[in-house]
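Asks:
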Amino acid sequence: MDYIKVKNKKIKINTLTSFKEKFKSIRFKLDTITEGYFFKKKKGINTYFFCQRVNIYQLDENNKIIRCYLNIKTEKFVFRKRDVRNVLILPSSVNDYFKQGDVIAFYS
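Throughout the sequence shown, residue numbering follows this note's numbering, covering 139 to 246 in sequence.
1. Enumerate in chain order the residues of its own chain whose CB-to-CB distance from residue 245 is below 6 Å, with the five nearest sequence positions on each side excluded.
2. Using the DSSP secondary-structure output, state which residues sit across from residue 195 in a beta bridge.
3. Short of 6 Å in beta carbon distance, which residues of its chain neighbour residue 207, apart from the five on each side in sequence? Order them along the chain.
4. Which of the three DSSP states, helix, strand or coil, is assigned to residue 236?
5. Contact defined as beta carbons within less than 8 Å: I believe residue 212 pairs with residue 188. What is the distance between those atoms, to the nearest angstrom?
6. Could you check whether residue 192 and residue 151 sit closer than 9 Å to each other, using their CB atoms as the reference points?
7. Please go through the same chain and pick out, in chain order, the residues whose beta-carbon is closer than 6 Å to the beta-carbon of residue 144, but skip the five residues on each side of it.
8. Candidates 242, 243, 227: which alpha carbon is nearest residue 184's?
9. Helix, strand or coil: how does DSSP classify residue 160 here?
10. For the beta strand (DSSP E) that residue 174 lies in, which residues bound it at each end?
11. For residue 181, which of 162, 196, 167 has the nearest alpha-carbon?
Right, here's the structure in full:
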């Protein structure tokens, strides 16, 4: 999984697997993010110490969007849901492209 296509634009996706990578993710990054972050086997997330607004998508095992949280600010919780298997964080500039029920295709 290297990137996804959004409006004929490629957004690089970083897959985070270890605990340290998942914990650090985009915390304390002051520059605006331009890439996405994919958390395997993670159901919920908090945005403490995220220094910018992000879009959070909760996905099932087939990468179908179950819940969308757009333009989430810092210090918020996105609670775990039963049917969620993965979490995807994208920059807030990708606001209205993905909706609930869409399947996200990852390309390499």
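Heads up, the beta-carbon is just placed ideally off N, CA and C, and yes, glycines get one too.
Replies: On the basis of the supplied data:
1. 141
2. 206, 226
3. 194, 216
4. coil
5. 5 Å
6. no
7. 232, 235
8. 227
9. helix
10. 174-177
11. 196
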